[in-house]
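Under my numbering, residues 12 to 295 are what the sequence shown spells out, in order. Contents: one structure, followed by commentary.
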Amino acid sequence: SHDAMSYCLDINSPLVRSESDCLRMLDALFSCFTRPTIFKWATTQDKSVEEQLSMGIRYFDLRVAHKPNDCSSDLYFTHVIYTHLTVLETLSSVASWLDSHPKEVVILACSHFEGIDERLHQSFIFCLKKMFGSRLCPHKGSVLTLRSLWASGHQVLLSYDSQTAARHPELWPAIPYWWANQRTAQGVIRYLDWNKELGRPEGFFVSGLNLTADRCFITENTKQSLRTLTFGNWECLRDWLEQQVPGSRPCSLNIIAGDFVGPLPVCSLVIALNQKLLRKNAAR
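Spelled out as structure tokens, the structure:
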């Protein structure tokens, strides 16, 4: 689930700190125009985290940040703007879901951390350890299997894209994400195929099917949104996805992420790819 929490963006929240001065100026002067545009292009999902879990999503791209001028230690998710829901209340929902699904395993990829200093990092990590406890799978560098995770009671692989994570064996380093930064399915596919030819990274990695429109396209196509763009390119992305093979070969894929994973059949297609491995093993 690319930008998994963007279904609950707060249209009235501040822009994230990394946005350009130009966008900040336009937003300050013409928010009645900029905010609806930001909202429809920053929203990548339309299902809640609980719904995504129940549909079969097991990898969550989570961009974490602290709001500017916020005296509290509350953290929020971001994609251009901030979410209504805080990070801890959302992850508490994930923990509750895992309680009732003891054989399910999720990968939570926390990244970006805008506005988060060392004190907030340590406070957040303490809360994560307290919340997930023994369900956190330590980063040991060993090959994991579902059987070994079930035997140990581990259900959460927590990737933490910060040097702070190195001091905490319960946290995993950043998981590479192949982001094409392309507006068309053809551009995304070319980028992913190019990366496949270079060879897969060690360990986990993500192939992103998500499209990205530049600001010129957004300005010239006022009736479009990320949703219409994604749906318009879906058949081409789907055809490519159905041809992929999971496994340990250099050209195999690992984690696959996309937008609008609820209305689009991403989960069923990825599960079908895993059937290729089962058939291969059965034929041996």
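Built from N, CA and C at the ideal position, the CB exists for glycine as well. As the structure is a computational prediction, the values presented were derived from the model and not from experiment.
Query                                                                                                         : Result
Residue range of the unbroken alpha helix (DSSP H) whose run includes Y93                                     : Looking at the DSSP string, Y93 is not in any alpha helix (DSSP H); the run it does join, the beta strand (DSSP E), is I92 to T97.
Cβ pair W15, L73 closer than 8 Å                                                                              : The question names Trp, but residue 15 is Ala in the sequence shown. Contact: yes.
Span separating the alpha-carbon of P79 from that of C138                                                     : 21 Å
DSSP bridge partner residues for E100 (one or two, in chain order)                                            : According to DSSP, E100 bridges with nothing at all.
Member of I266, F71 and Y93 whose CA lies at the smallest distance from the CA of D81                         : Y93
Euclidean distance between Cα positions of E208 and S84                                                       : 44 Å
Whole alpha helix (DSSP H) elements within the segment 150 to 207, 4-residue minimum                          : 157 to 163
Other residues of its chain near C247: CB distance less than 6 Å, five sequence neighbours each side excluded : A196
Classification of I136 by the beta-carbon crowding that lies within 10 angstroms, buried from 16 upward       : buried
With 16 other Cβ atoms within 10 Å as the buried cut-off, status of R130                                      : exposed
Closest residue to S42 among Q56, N23, D57 and A53 (Cα-Cα distance)                                           : N23
Same chain, Cβ closer than 7 Å to H13, neighbours up to 5 away in sequence not counted                        : T55, D72, G219, N221, A268, G269 and D270
CB of Q255 within 8 Å of CB of L264, strictly                                                                 : yes
Alpha-carbon to alpha-carbon, R28 and E181                                                                    : 29 Å
The ligand PLP heavy atom lying under 7 Å from the CB of A224                                                 : This structure does not include the ligand PLP; it has no bound ligands of any sort.
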